[in-house]
Amino acid sequence: MRTGVDLGQQETPLSNSLPQAGERTNVKGNLQISGLYTQLMERATGLPNDELFAQMICSQVGGACALPPCLGLEEADFAALLTRHFPRMQIVVRGQRDSDDGRAPERDDVLALLLEHRAGRDESESWMAEIVTAACMANDHLWQDLGLWSRKYLSQLMTQNFPALAAKNSKDMKWKKFLYKQLCEKEEIRICRAPSCEVCADYQKCFGPEE
Ligand code: SF4
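So in this note's numbering, spot 156 of the sequence shown is number 281, and the numbers just go up one at a time.
Here it is, written out as structure tokens:
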């Protein structure tokens, strides 16, 4: 099910914060989405996650992410997110998260891992944990599934919201691989065939470019 969004009257001024060269291009150049991003950021409350949520919302409107409707949140939580981060922004979302959501067996474990590592600075960390979990159930790189404009914003998201967890990724492993590896280690399941990453034939799969 896709999200329908009534954007209302749109202006289309471009913002300096729009994706730059080398960042995701399927949102860049779309003036309607550019206008939405500008409107969101004009109404943003100045909280650390504002820009990240604005990118996700724009990508979802533009069909450029893998998140379910409402970014994978319950409708009431999505409304609360909008109120907290973009209080004067009216976005009418049509469509709801499917009840079973195609839930993968590991979904609750991913969510628990993220919640366990919340920074504890802002309530939006819980929404972010839900959203990242929803994106983990999709098949692309995590930053793409989230609708972020480049991988650097995902690193920012992880550091801001789950700093202790982000700090464990000291070798800059691909984020989705990293999260799943944490789950395996927690359960003391050893899936890696090599004794260390440095001598592993799958090194590129875990640490190669994530673009
Ligand atoms: S590089 Fe190899 S050893 Fe390291 S996490 Fe990936 S699969 Fe495991």
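Glycine included, C-beta positions come from ideal geometry on N, C-alpha and C.
- Around the beta carbon of Asp270, a 10 Å sphere encloses 16 or more other beta carbons of the protein chains shown; the residue is thus reported as buried.
- Where Pro288 is concerned, the enclosing alpha helix (DSSP H) starts and stops at 288-293.
- The segment 187-199 and the segment 166-174 do not touch, with fewer than 3 CB-CB distances between them shorter than 8 Å.
- For Tyr305, the Cβ stays outside the 7 Å cut-off from all heavy atoms of the ligand SF4.
- Residue pairing by DSSP places Val257 in no beta bridge whatsoever.
- Nearest neighbour of Ala237 by Cα position, chosen from Phe287, His210, Ile158, turns out to be Phe287.
- Cβ-Cβ distances below 8 Å link Gln307 to Leu238, Leu290, Lys293 in the same chain, with the five nearest sequence neighbours on each side left out; the list follows chain order.
- Excluding its 5 nearest sequence neighbours in each direction, Glu248 has no C-beta neighbour in its own chain below 6 Å.
- Excluding its 5 nearest sequence neighbours in each direction, Cys325 has C-beta neighbours in its own chain below 6 Å: Ala319, listed in chain order.
- Rounded to the nearest whole angstrom, the CA to CA distance from Ser184 to Gly160 is 12 Å.
- In this structure Met181 is not in contact with Leu240, their Cβ atoms being roughly 19 Å apart against a cut-off of 8 Å.
- With a threshold of 16 other beta carbon atoms within 10 Å, Glu323 falls short and is exposed.
- For Ile316, no alpha helix (DSSP H) encloses it, and the DSSP letter there is neither H nor E.
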